[in-house]
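K.L.:
Each residue of the sequence shown is one higher than the last, beginning at 1 in full-length UniProt numbering.
Quick reminder that beta carbons are idealized off the backbone N, C-alpha and C, glycines included.
Note that the structure is predicted; figures quoted are calculated from it, not measured.
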Amino acid sequence: MCSDVILLRKFTEIRSGGRRSIGVFQCRDCLGEFETRTERAKVMTGLCIPCANKRGGQKRSTHGFNNRNSRLHVTWSNMKRRCLSPRGTEVQKYEGVTLCDEWMSFEPFMQWSLANGYTDELTLDRIESSKGYEPGNCRYADYNVQAANRRLTDKNTSGHVGVSWDRGKWSAKVQWQKKQIHLGRFKDIKDAIKARNDYLAANDLPHLRA
Numbered sequence: 001m002c003s004d005v006i007l008l009r010k011f012t013e014i015r016s017g018g019r020r021s022i023g024v025f026q027c028r029d030c031l032g033e034f035e036t037r038t039e040r041a042k043v044m045t046g047l048c049i050p051c052a053n054k055r056g057g058q059k060r061s062t063h064g065f066n067n068r069n070s071r072l073h074v075t076w077s078n079m080k081r082r083c084l085s086p087r088g089t090e091v092q093k094y095e096g097v098t099l100c101d102e103w104m105s106f107e108p109f110m111q112w113s114l115a116n117g118y119t120d121e122l123t124l125d126r127i128e129s130s131k132g133y134e135p136g137n138c139r140y141a142d143y144n145v146q147a148a149n150r151r152l153t154d155k156n157t158s159g160h161v162g163v164s165w166d167r168g169k170w171s172a173k174v175q176w177q178k179k180q181i182h183l184g185r186f187k188d189i190k191d192a193i194k195a196r197n198d199y200l201a202a203n204d205l206p207h208l209r210a
């Protein structure tokens, strides 16, 4: 009998075709009782049918992600390369960005991703761009959320996201769902910053504050 199998008791079942030994076993996952022929004990997993199916479903749900060509594996490979061996324009963009020890291996990254909403339609996003890739600073987000959290570009002269100098005044804008929302032009940069931050707060938007 397999060491994982928990036999509680046995009894003999009499049928027209003869007798057979039936065992009452305890499932090692849910601890519930189930019956089956004792001769099957040598090949049993120690699980009742519902728990065995559940485990099989979990295995199937991750099947294919380990493939090097899967989108999730490519996401992990690209993340690792950007942190450890950046190339071209990545050198400046990802300079100093770290990768946690846990995610040096694909398996822990895959498990975290599947538990945190991964789909092929979303991309990996760092919540705080000043921090590295780690479970507490990453999420899966759509294009709109990622675009909302872009850092300052070299063209920005105000030093504040969404605020720029325009025709003698400070202009406040919000980019959301591929639309640009103009919030007005102000003499004082503080008023432009406040207008943008107030709009983001009132509409519960995920953007970086100015």
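#1: Sort 51, 114, 172 and 162 by Cα distance to residue 31 and report the nearest one.
#2: Give me the residue from 83, 135, 101 and 172 with the minimum Cα distance to residue 116.
#3: Assuming residue 181 and residue 194 form a contact by the criterion Cβ under 8 Å, report the distance between their Cβ atoms to the nearest whole angstrom.
#4: Pull up the CB-CB distance for residue 110 and residue 65, whole angstroms please, since I reckon it's below 8 Å.
#5: State the Cα-Cα distance for the pair residue 164 and residue 189, rounded to the nearest angstrom.
#6: Count the other CB atoms within 10 Å of the CB of residue 113; is the residue buried (16 or more) or exposed (fewer)?
#7: With which residues is residue 180 paired in a DSSP beta bridge?
#8: Residue 74 to residue 176, Cα distance in whole Å?
#9: Per DSSP, what kind of secondary structure is residue 106 in: helix, strand or coil?
#10: How is the alpha helix (DSSP H) around residue 90 delimited, first residue to last?
#11: With distances taken Cα to Cα, identify the nearest neighbour of residue 142 among 108, 83 and 178.
#12: Between residue 33 and residue 7, which are expected to be in contact by the criterion C-beta below 8 Å, what is the C-beta distance as a whole number of angstroms?
#13: Spatial neighbours of residue 108 within its chain, please: C-beta separation below 8 Å, excluding the five flanking residues on both sides.
#14: Let's see if you can read the secondary structure: which residues bound the alpha helix (DSSP H) around residue 101?
#15: Report the three-state DSSP secondary structure of residue 21 (helix, strand or coil).
#16: Ends of the beta strand (DSSP E) at residue 138?
#17: By DSSP, does residue 74 sit in helix, in strand, or in coil?
#18: Considering residue 124, what are the terminal residues of the beta strand (DSSP E) in which it resides?
#19: Just how far apart, CA to CA, sit residue 198 and residue 125?
#20: Return the chain-ordered list of same chain residues with a C-beta closer than 7 Å to the C-beta of residue 187, the five sequence neighbours on each side being excluded.
P.N.:
Let's see:
#1: Position 31 of the sequence shown holds residue 31. It is 51 whose Cα lies nearest to the Cα of residue 31.
#2: Start at 1 with the first residue of the sequence shown, and residue 116 comes out as number 116. Ranking 83, 135, 101 and 172 by Cα distance to residue 116 puts 135 first.
#3: Within the sequence shown, numbered from 1, the residue matching residue 181 stands at position 181. Within the sequence shown, numbered from 1, the residue matching residue 194 stands at position 194. About 16 Å; that fails the 8 Å criterion.
#4: The residue labelled residue 110 in the question sits at position 110 within the sequence shown. The residue labelled residue 65 in the question sits at position 65 within the sequence shown. So it is a contact: roughly 5 Å between Cβ atoms.
#5: Walking along the sequence shown from the start, residue 164 turns up at place 164. Walking along the sequence shown from the start, residue 189 turns up at place 189. Going from the Cα of residue 164 to the Cα of residue 189 covers about 9 Å.
#6: Locating residue 113 in the sequence shown gives position 113, counting from the first residue. The residue is buried, with at least 16 neighbouring Cβ atoms inside 10 Å.
#7: To locate residue 180, count along the sequence shown from 1; it is residue 180. According to DSSP, residue 180 bridges with 175.
#8: Here residue 74 is taken as the residue at index 74 of the sequence shown, counted from 1. Here residue 176 is taken as the residue at index 176 of the sequence shown, counted from 1. For residue 74 and residue 176, the distance between alpha carbons rounds to 28 Å.
#9: Looking up residue 106 in the sequence shown gives position 106. Of the three classes helix, strand and coil, the one that applies to residue 106 here is helix, per DSSP.
#10: Indexing the sequence shown from 1 puts residue 90 at position 90. Where residue 90 is concerned, the enclosing alpha helix (DSSP H) stretches over 90 to 93.
#11: As a working note, residue 142 is residue 142 in the sequence shown. Looking at the Cα atoms, 178 is the closest of the given residues.
#12: Indexing the sequence shown from 1 puts residue 33 at position 33. Indexing the sequence shown from 1 puts residue 7 at position 7. Incorrect: roughly 11 Å between the Cβ atoms, too far for contact.
#13: Looking up residue 108 in the sequence shown gives position 108. Answer for residue 108: 102, listed in chain order.
#14: Here the question's residue 101 lines up with position 101 in the sequence shown. Unbroken run through residue 101: none, as it is neither H nor E.
#15: As a first step, residue 21 is located in the sequence shown; it is residue number 21 there, counting from the start. Residue 21 falls in the strand class under three-state DSSP.
#16: Your numbering for residue 138 matches position 138 in the sequence shown. 138 to 141 is the extent of the beta strand (DSSP E) around residue 138.
#17: Numbered from 1 along the sequence shown, position 74 holds the residue referred to as residue 74. Of the three classes helix, strand and coil, the one that applies to residue 74 here is helix, per DSSP.
#18: One-based indexing of the sequence shown puts residue 124 at position 124. 123 to 126 is the extent of the beta strand (DSSP E) around residue 124.
#19: Along the sequence shown, read from residue 1 onward, the residue named residue 198 stands at position 198. Along the sequence shown, read from residue 1 onward, the residue named residue 125 stands at position 125. Distance between the alpha carbons of residue 198 and residue 125 is about 24 Å.
#20: One-based indexing of the sequence shown puts residue 187 at position 187. Answer for residue 187: 169, listed in chain order.
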